[in-house]
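**Student:** Residues 8 to 318 in the working numbering are what the sequence shown lists, from first letter to last. Ideal placement from N, C-alpha and C gives every residue a C-beta, glycine not left out. On a predicted model such as this, the values are computed, not experimentally measured, just so you know.
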Amino acid sequence: SLNLEAACRQSWDVIVIGAGPAGAVAALQLARQNLRILLVERKTFPRYKVCGCCLNQRAITALQQIGLGDLLSSAGAVPLTQFRMQYQGRDAVVTLPGGLAVSREVFDTQLVQSAIDAGAEFLQETSAMLVGTSENQTSRTVELCCQGQTAGSASAKIILAADGLGHPSLQNCAGFDMQVAPDSRIGVGAAFTVKDHAAYPAGMIHMAIHRSGYAGLVRVEGENLNLAAAIDRDFIKQCAGPANAVLQILRESGSAILPEMHQCSFKGTLPVTRKTLRPVGDRLFVLGDAAGYLEPFTGEGMANAITEGMA
Numbered sequence: 008s009l010n011l012e013a014a015c016r017q018s019w020d021v022i023v024i025g026a027g028p029a030g031a032v033a034a035l036q037l038a039r040q041n042l043r044i045l046l047v048e049r050k051t052f053p054r055y056k057v058c059g060c061c062l063n064q065r066a067i068t069a070l071q072q073i074g075l076g077d078l079l080s081s082a083g084a085v086p087l088t089q090f091r092m093q094y095q096g097r098d099a100v101v102t103l104p105g106g107l108a109v110s111r112e113v114f115d116t117q118l119v120q121s122a123i124d125a126g127a128e129f130l131q132e133t134s135a136m137l138v139g140t141s142e143n144q145t146s147r148t149v150e151l152c153c154q155g156q157t158a159g160s161a162s163a164k165i166i167l168a169a170d171g172l173g174h175p176s177l178q179n180c181a182g183f184d185m186q187v188a189p190d191s192r193i194g195v196g197a198a199f200t201v202k203d204h205a206a207y208p209a210g211m212i213h214m215a216i217h218r219s220g221y222a223g224l225v226r227v228e229g230e231n232l233n234l235a236a237a238i239d240r241d242f243i244k245q246c247a248g249p250a251n252a253v254l255q256i257l258r259e260s261g262s263a264i265l266p267e268m269h270q271c272s273f274k275g276t277l278p279v280t281r282k283t284l285r286p287v288g289d290r291l292f293v294l295g296d297a298a299g300y301l302e303p304f305t306g307e308g309m310a311n312a313i314t315e316g317m318a
């Protein structure tokens, strides 16, 4: 596999920053056109991500259109048939028109592998920072950092920034400020292995609804239960932290609280509802959550990321 020094020596057609669904699908599609593609990711794969982990029919169709229909079955994705809403002890169940649940550890890793198989080079544990416009205007340069130390720079004709909420790769570039909605909620997530499946059976999205947010739970591959919530910032403060806030939402909605929920570590996000005021620049395009994020409810977030990567 490619190392950082080799990445800095080569000239690239496109450098894609961020290996979530938007970045990985973009890298895959570009690599299929025999372009020299470098996909850069600051985390080590596989990695956990705060996400509802649901793919709706639009996302599944999009994956089938780019020849990745088999990827979902090999990932062990769980078919979704029902959606259950709970609020103050009352509940309603509706039938879903289709959908799948799969963890981001497995799904994102398989998407990246598809891009590698198509010819893209993948550099993980490396953060990328776009530097000022180059003088000759025929390329853009990114500084590559490993373990917090600048290790070199790489250039490409085009840069795709798909590095998520806040797009840290663009923080040194003027004009790419994000507008965060004043009432934007915080994303909170956790994943845990559950022994007792009765409260949260496979095939059903469980949505606990509260005046201060909501929490969705779904069984993904294996024995794993994924939890993702969007919660008002004031309510998190009132509850003295995200874990207590999630448990309070579950309790008040009438949803089951499992013993494992007291032991797992909850992770948070930046305030989620935001948009980049200018998602394009000189030889630069901003994709996925880096371009903007509206609070999704049933799989729209991943569908948007996949279709943006295709475009």
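(1) So, with DSSP's three-state summary, where would you put ALA188?
(2) Sort out for me which residues DSSP pairs LEU107 with in a bridge.
(3) What residue range is occupied by the uninterrupted beta strand (DSSP E) comprising LEU130?
(4) To the nearest angstrom, how far is it from the Cα of SER260 to the Cα of GLY96?
(5) Locate the beta strand (DSSP E) running through GLY194, then write down its first and last residues.
(6) Hey, could you find the ends of the beta strand (DSSP E) ALA222 is sitting in?
(7) Just to confirm, is the Cβ distance from ALA198 to LEU232 under 9 Å?
(8) Considering only residues of the same chain and omitting the five flanking positions on each side of THR276, which have a CB-CB separation below 7 Å?
(9) Return yes when the Cβ of LEU62 is within less than 9 Å of the Cβ of VAL109, no when it is not.
(10) Where does ASP20 sit, in a helix, a strand or coil, going by DSSP?
(11) For PHE292, report the span of its alpha helix (DSSP H) as first-last.
(12) In terms of residues, what are the limits of the alpha helix (DSSP H) holding MET317?
(13) DSSP state of ILE73, grouped into three classes?
(14) For THR140, which of THR148, THR133, SER134 has the nearest alpha-carbon?
**Tutor:** In this structure, then:
(1) Along the sequence shown, read from residue 1 onward, the residue named residue 188 stands at position 181. Coil at ALA188, not helix or strand.
(2) As a working mapping, residue 107 is identified with position 100 in the sequence shown. DSSP, once it has assigned bridges, lists LEU62, PRO86 as partnering LEU107.
(3) Start at 1 with the first residue of the sequence shown, and residue 130 comes out as number 123. First-last of the beta strand (DSSP E) with LEU130: 128-130.
(4) As a working note, residue 260 is residue 253 in the sequence shown. As a working note, residue 96 is residue 89 in the sequence shown. Near 5 Å, if we compare the C-alpha coordinates of GLY96 and SER260.
(5) Taking the sequence shown and counting its residues from 1, the one referred to as residue 194 is at position 187. For GLY194, the uninterrupted beta strand (DSSP E) segment begins and ends at 193-200.
(6) Here residue 222 is taken as the residue at index 215 of the sequence shown, counted from 1. 220-226 is the extent of the beta strand (DSSP E) around ALA222.
(7) Taking the first residue of the sequence shown as position 1, residue 198 is located at position 191. Taking the first residue of the sequence shown as position 1, residue 232 is located at position 225. At the C-beta level, ALA198 and LEU232 come within 9 Å of one another.
(8) Translated into positions along the sequence shown, residue 276 becomes position 269. The answer, listed in chain order, is VAL57, LEU172, ILE193, GLY194.
(9) The residue given as residue 109 occupies position 102 in the sequence shown. The residue given as residue 62 occupies position 55 in the sequence shown. Taking 9 Å as the cut-off, the beta carbon of VAL109 is found closer than this to the beta carbon of LEU62.
(10) For the purposes of this step, residue 20 is identified with residue 13 of the sequence shown, where counting begins at 1. In the three-state DSSP reduction, ASP20 falls in the strand class (E or B).
(11) Against the sequence shown, residue 292 aligns to sequence position 285. Segment 291-293 is the beta strand (DSSP E) holding PHE292; no alpha helix (DSSP H) there.
(12) Residue 317 sits at position 310 when you count from the first residue of the sequence shown. 307-317 is the span of the alpha helix (DSSP H), which, as asked, contains MET317.
(13) Here residue 73 is taken as the residue at index 66 of the sequence shown, counted from 1. Taken through DSSP and simplified to helix, strand or coil, ILE73 comes out as coil.
(14) Taking the sequence shown and counting its residues from 1, one reaches residue 140 at position 133. Taking only the C-alpha atoms, the option nearest THR140 is THR148.
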